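In the UniProt record's numbering, the protein residues as written are 1 to 322.
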Amino acid sequence: MSTTKDASLQSDIGKMKREADGSFKRADASFRNTIEKGGKFEPESDRYHLYVSLACPWATRTLIVRKLKGLESLIPVTVVSPHMGANGWPFASVDAFPGAGGDPLYQSAHVKDLYFKADPNYGGRFTVPVLWDKKNHTIVNNESSEIIRIFNTAFNEFISSDKAALHYYPEELRAQIDGVNEWIYPNINNGVYRAGFATTQEAYEKAVKDVFDALDKAEKLLEGKDYLIGDRLTEADIRLWVTIIRFDPVYVGHFKCNFRTIRDGYPAIHSWLQKLYWNNPAFKDSTDFNHIKTHYYWSHQTINPTRIVPLGPVPNILPLKQ
């Protein structure tokens with residue numbers, strides 16, 4: 001049952017506050033627990049549930065790692081509708097959409113209902129992903145960068161030895177991964193949002209220049225390589241990839257990040273993007289361009305008041321050249 005509390009300041013992106021200079025500042029995630037032996041949240045089978053949007057880059061990170069690590073049977077997933085309206089992310093029970101589902105645990109109408117179930121006085125935003133504990137009926141974590149590290153190691157005892165051996169944040173590469181994440185997150189992952197949600201010319205121009213300066217840096221890093229760090233797939237690739245796959249279909253037009261497209265302006269990044277999409281099912285299967293484009297163009301009415309969803313680019317991602 002949906003809560004009657006007026007939470008529109010938390011759920012309606014149209015009421016999102018900007019800074020005085022017109023810039024966009026993303027709020028920190030609120031639930032930051034981990035899953036570990038001896039802790040409040042123990043690694044167990046049939047205890048946890050993942051709520052995601054296929055549109056959301058942050059949520060897509062968790063889907064990719066979940067599949068890479070073979071956690072599909074251990075951690076079921078529910079996909080919300082991409083129509084994020086005044087009440088935030090809806091389940092299919094109130095907004096039917098191809099590929100979306102209802103809440104199997106509590107029959108919630110919206111993701112916000114889960115937040116209020118976890119904390120009736122919750123005052124933050126109602127974001128996805130949500131990693132849910134069915135035993136304690138609460139949110140374990142809603143920060144994607146931490147959920148992917150939980151998935152990376154916490155359930156190794158329950159999965160095959162070959163999957164358990166996969167490590168996307170290995171000790172010997174952590175300093176390099178952290179170093180890359182430090183500039184990719186603010187300037188690319190969140191940089192596109194800083195450009196798109198800016199409400200002054202000055203804030204937009206600063207943000208969009210940051211985006212392309214960082215893309216130029218990533219291009220140099222990927223020249224002649226298949227991965228960002230250590231010649232192997234790491235979380236750094238996963239974290240960057242979810243933004244790049246959305247860049248040409250959404251961020252170029254919708255968020256005005258239009259200096260260059262990925263496909264025509266960044267050959268190394270483009271090749272890296274294509275290889276991961278076409279050669280690794282964890283990336284391709286976690287990507288739904290219908291959800292992605294519908295969400296951004298429909299949900300952000302301050303940017304796109306007509307809610308018209310563009311058909312292009314055609315195709316959404318180019319095939320790999322043989």
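Using N, Cα and C, we set each Cβ at its ideal position, and we do this for glycine too.
Here the structure is a predicted model, which is why all the values come from computation and not from measurement.
Assumed close pair residue i, residue j - CB separation to whole angstroms, cut-off 8 Å
i	j	result
His49	Lys134	6 Å
Gly196	His254	6 Å
Val65	Ile238	6 Å
Pro310	Asn189	No, Pro310 and Asn189 are not in contact; Cβ-Cβ is about 22 Å, not under 8 Å.
Asp21	Glu205	Not really, about 12 Å apart at Cβ, beyond 8 Å.
Backbone CA spacing between residue i and residue j [nearest angstrom]
i	j	result
Ala59	Pro129	5 Å
Arg194	Tyr169	27 Å
Asp46	Asn156	15 Å
Arg32	His83	26 Å
Asn304	Lys37	47 Å
Met1	Ser271	Low confidence applies to Met1: its pLDDT is 45, below 50, so where it sits in the model is not reliable, and the reading given next is rough at best. Taking the straight line joining both Cα atoms gives about 46 Å.
Pro43	Ala92	29 Å
Val140	Ala214	32 Å
Leu276	Ser286	12 Å
Ala268	Tyr296	26 Å
Leu320	Asn280	13 Å
Phe289	Leu54	9 Å
Asp226	Trp278	13 Å
Ala207	Gly179	20 Å
Asn87	Ala7	8 Å
Ala198	Lys209	13 Å
Asp103	Tyr115	13 Å
Gln107	Phe97	16 Å
Phe41	Leu74	15 Å
Pair within 8 Å by beta-carbon distance, residue i and residue j
i	j	result
Val242	Arg125	no
Arg232	Asp248	no
Leu166	Leu68	yes
Gly101	Ser299	no
Val314	Cys257	no
Val250	Lys293	yes
Ile177	Ile229	yes
Ile159	Leu240	no
Leu273	Thr234	no
Trp89	Val80	yes
Where residue i falls: helix, strand or coil (DSSP)
i	result
Phe259	coil
Asp248	helix
Val94	coil
Gly253	coil
Val192	helix
Asp237	helix
His83	coil
Val77	strand
Any C-beta of chain B under 8 Å from that of residue i
i	result
Val250	You won't find chain B in this structure, because it holds only one protein chain.
Beta-bridge partners of residue i, as assigned by DSSP
i	result
Asp133	Tyr48 and Thr138
His110	Pro90
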